[in-house]
Amino acid sequence: MVMSSSKQRDDINLAVVDYLESHGYAQSASIFRQEANVDENADPARKAQLSGILEKKWTLTTRLQQKVLNLEEQLKQRDKEAPFSGPSRDKRMPEEWIPRPPERFQLTGHRMPITKVIFHPQFSLIASSSEDCTIKIWDFESGEFERSLKGHTDTVQDIGFNASGKLLASCSADMTIKIWDFVNTYECLKTLKGHEHNISSVVFLPSGDFILSASRDKLIKLWDIANGYCVQNFSKHTDWVRMVAVNEDGTCFASCSNDRSIIIWCLATKVPKMTLLGHEHVIESIIWVSDKSAAQILTFSGDSSREGKTNGDIEQQQKTAMLVSASRDRTIRFWEVLSGCCLFTLAGHDNWVRDIRLHPNGKFLVSVSDDKTLRVWSIEHRRCIKTLQAHPQFVTALDFHSKLPFVVTGSVDNSIKVWECR
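For reference, each letter of the sequence shown is one residue, going 1 to 422 in the UniProt record's numbering.
Have a look at this one:
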């Protein structure tokens, strides 16, 4: 049995009193307050934080119990099927699993097209943003809607969690960035203003102390979350900056634009290091490749001479830094950052490529497009190995869970789909 601390006991007692009083059991609350010696002059902020928490915890516990029961039932079913699995059955390991139809859930509730979908880094939750000015939270294991975050007055263009998942950042065509509490109140903590046009991208730095934003005003801004001030402007693009993406260690970031260029920036010196050119139309999305996956992709590319040579050496790590980009020219390009060279191009979509994600195993890339499909690409063989007719209209957003076998997509059809990998 785990013993509660004095503070935990006090919090539990306060929560019980709150529950009793809020449900009309005033006499019972008074008796309990007296017997448990609950401080009537407890900190108001603390009382507000504990308000309604018993019901929330009960709901969460019930939901977790149901998930445990469902998982146990799935395990029983797989145990029953295991003896009958013959040599013809698929022998792919879990790390080789890819999204397959049909979708597990179709989530509806947004009133306008979806602009972004992301998995929470800790919980079984998805956050989605939309042209309807809202952010919605969903449970991807049950398919249940959780809550809406409202505050923006125009299209919410992008959203992103910090590493712990305790904060959510959003940016909008209303020219503001909002920081939301994702632990207790789910309310907006800060609103950042400074851009002079539609803000298309927002991302936390790994440290969690700063965020980067990109806008149609052609600027990238670095913001200090603690005080809400812009501390640096980055200016070199000649047109709308569509997206910013930060590398693993937070030393560099990349930006892509309607000007068809990708610029690599050094955060320490605040100056551009490299410009990547080659796309023939607007670049919609960029992602950094992890060091491990980059080494693997270089092996696929036939550059075996550089395997195993990172060893903490910064210069060598830079040599294997890799980026992937998706464009309205219908192609996906893999770039070696230091040299600025395009390693190879994936072509096959029939319309704009809107979003991309690397499979956690580093062997596959997943993309979505205005051709209404989700495609899985083998990086080693540089070809599409699976095409899903994902939505009846343009597919605008995509995310791949880093640990669990789930993919989520969002569309102009106002819906979100959760796909299971197997």
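Each residue gets a CB set at the ideal place from its N, CA and C atoms; glycine is no exception.
Burial state of residue i (16 or more Cβ within 10 Å)
i: residue 428; result: The chain is shown only over 1 to 422; residue 428 falls outside these bounds and no answer can be derived.
i: SER6; result: exposed
i: ALA26; result: exposed
i: VAL183; result: exposed
i: ASN311; result: Because ASN311 sits at a pLDDT of 41, beneath the cut-off of 50, its placement in the model cannot be relied upon, and the point is left open.
i: CYS171; result: buried
i: PHE344; result: exposed
i: ILE31; result: exposed
i: TRP58; result: exposed
i: HIS401; result: buried
i: LYS270; result: exposed
i: PHE145; result: exposed
i: VAL68; result: exposed
Between the CA atoms of residue j and residue i - distance to the nearest angstrom
i: THR409; j: LEU20; result: 42 angstroms
i: ALA295; j: SER235; result: 32 angstroms
i: PHE123; j: VAL202; result: 21 angstroms
i: residue 427; j: LEU358; result: With the chain represented from 1 up to 422, any question about residue 427 goes unanswered, as that position is not in the structure.
i: LEU381; j: PHE161; result: In the sequence as displayed, the identity of residue 381 is His instead of Leu. Computed Cα separation, rounded: 33 angstroms.
i: ARG46; j: ALA15; result: 10 angstroms
i: SER304; j: LEU298; result: Per-residue confidence for SER304 stands at a pLDDT of 40, beneath the threshold of 50, marking its modelled position as unreliable; the derived number appears in the next sentence. If I take the Cα positions, the gap works out to 7 angstroms.
i: SER415; j: VAL366; result: 19 angstroms
i: ILE286; j: GLY250; result: 16 angstroms
i: ASP158; j: TRP97; result: 28 angstroms
i: SER339; j: ARG375; result: 28 angstroms
i: ALA29; j: ILE225; result: 41 angstroms
i: ASN70; j: GLY278; result: 49 angstroms
i: SER129; j: CYS342; result: 32 angstroms
i: ILE332; j: ILE379; result: 11 angstroms
i: ARG267; j: PRO360; result: Looking at the sequence shown, residue 267 is not Arg but Leu. One C-alpha to the other measures close to 26 angstroms.
i: THR373; j: LYS386; result: 10 angstroms
i: PHE84; j: ASP139; result: In this prediction, PHE84 scores a pLDDT of 35, lower than 50, which makes its location untrustworthy; the coordinate-derived value is nonetheless stated afterwards. Going from the Cα of PHE84 to the Cα of ASP139 covers about 33 angstroms.
i: LYS363; j: ILE211; result: 30 angstroms
i: ALA254; j: ASP10; result: 48 angstroms
i: SER22; j: LEU107; result: 33 angstroms
Local conformation of residue i per DSSP, three classes
i: ALA397; result: strand
i: LYS150; result: strand
i: VAL203; result: strand
i: GLU21; result: helix
i: residue 460; result: In this structure the chain extends from 1 to 422, so residue 460 is not present and cannot be described.
i: PHE182; result: coil
i: TRP335; result: strand
i: TRP377; result: strand
i: VAL94; result: Checking the displayed sequence, the identity of residue 94 turns out to be Pro instead of Val. Here PRO94 sits in helix by DSSP.
i: LEU75; result: helix
i: TRP419; result: strand
i: SER285; result: strand
i: LYS218; result: coil
i: LEU64; result: helix
i: PHE300; result: helix
i: PHE123; result: coil
i: ASP291; result: helix
i: ALA347; result: strand
i: LEU54; result: helix
i: PHE253; result: strand
i: ILE225; result: coil
i: residue 424; result: The requested residue 424 is not part of the displayed model; the chain covers only 1 to 422.
i: ARG33; result: helix
Rounded distance between the beta-carbons of residue j and residue i, thought under 8 angstroms
i: ILE118; j: ASP399; result: 5 angstroms
i: ILE262; j: CYS252; result: Contact flag wrong, Cβ pair sits at about 12 angstroms.
i: TRP335; j: LEU276; result: 5 angstroms
i: ALA397; j: ILE114; result: 6 angstroms
i: LEU189; j: VAL246; result: Not quite, the Cβ-Cβ distance comes to about 21 angstroms (not below 8 angstroms), so this is no contact.
i: VAL412; j: GLN393; result: 4 angstroms
i: ASN233; j: LYS218; result: That belief does not hold up - the Cβ atoms of ASN233 and LYS218 are roughly 10 angstroms apart, past 8 angstroms.
i: HIS281; j: ARG328; result: 4 angstroms
i: VAL231; j: SER215; result: Actually they are not in contact, since the Cβ atoms of VAL231 and SER215 sit about 16 angstroms apart, beyond 8 angstroms.
i: TRP419; j: GLU103; result: 5 angstroms
Proximity test, residue i beta-carbon vs the ligand MG heavy atom, cut-off 7 angstroms
i: LEU205; result: With respect to the ligand MG, the structure offers nothing, as it holds no ligand at all.
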